[in-house]
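Undergrad:
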Amino acid sequence: MAKFRIKRRLKRKFIGNRHTVNAPTVGHVDGDVSASAAKLVNLDDNCEEPMPDPLLPGNRIIDIEILSSVFAMLACPECKNTSLRLEECSQHGISFSYAVVCGACAYVHSFESSKKTGSSIENKLRLVYAMRQLCKGYSGAVTLAKVMKMPPPPWHSAYQTISAKLCKAAENVASK
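Residues 85 to 260 (this note's numbering) make up the sequence shown, in order.
1. So, for residue 212: in the same chain, excluding its five sequence neighbours on each side, which residues have a beta-carbon less than 7 Å away from its beta-carbon?
2. By the three-class DSSP mapping on this structure, what secondary structure does residue 252 have?
3. Spell out a yes or no on whether the segment 184 to 192 and the segment 206 to 222 are touching, meaning 3 or more CB-CB pairs, one atom from each, closer than 8 Å.
4. Just how far apart, CA to CA, sit residue 180 and residue 163?
5. Hey, how far is the Cα of residue 97 from the Cα of residue 143?
6. Quick one: Cα of residue 238 to Cα of residue 151, how far?
7. What residue from 160, 209 and 176 has the CA that sits closest to residue 191's CA?
8. Measuring CB to CB, does residue 158 end up less than 7 Å from residue 168?
9. Return the first residue and the last residue of the beta strand (DSSP E) that residue 149 is part of.
10. Considering just the uninterrupted stretch of the alpha helix (DSSP H) at residue 222, what are its terminal residues?
11. Quick one: grab the DSSP three-state call for residue 169.
12. Can you tell me which of the three DSSP states residue 97 falls into?
13. With distances taken Cα to Cα, identify the nearest neighbour of residue 205 among 177, 255, 93 and 240.
14. Quick check on residue 121: buried or exposed, where buried means 16 or more other Cβ atoms within 10 Å of its Cβ?
Structural data, given as structure tokens:
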């Protein structure tokens, strides 16, 4: 006698009525039009995509050499000379302070690569949070930085401090 678990299951049979005529779909096109043309019927309606916000919110990973070459093509707001260059002032883990400096005049404009949230830098918080979500920890952050040719993450002690703050915040949210 054969065991039940060894028996091969048969393919399910179609139970519906194959002779039933389906109703035409929305945007139905005549039968003499190709399938590609039928798919493009509603294309004109969908062409108007909303324009992205000109402020470009969020974080991006960009090669600094490319960004420096873009700044070299821009004109100085004071002397209108195209001798701007991007200089790195300081590094805070994976966040940097940059300055746009004009070579012809004394124009200098400083900016940070990330916003500050309280006493911590947002990129550090996001990195630690992402590594916690991926269950990778500090060694995962180091590997990510090496693979992406980025600067190293914050020191292990700073990483642990940020991780403890995130853990406490998660506990507060979970208890509510």
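Backbone N, C-alpha and C define an ideal beta-carbon position, used for all residues, glycine too.
TA: Looking at the coordinates:
1. 243, 246, 247 and 250
2. helix
3. Not touching, per the Cβ criterion.
4. 27 Å
5. 52 Å
6. Whole-angstrom Cα-Cα distance: 24 Å.
7. 160
8. yes
9. Looking at the DSSP string, residue 149 is not in any beta strand (DSSP E); the run it does join, the alpha helix (DSSP H), is 148 to 157.
10. 221 to 231
11. Residue 169: strand per DSSP, three-state reduction.
12. Residue 97 falls in the coil class under three-state DSSP.
13. Of the listed residues, the one whose Cα sits closest to residue 205 is 177.
14. exposed
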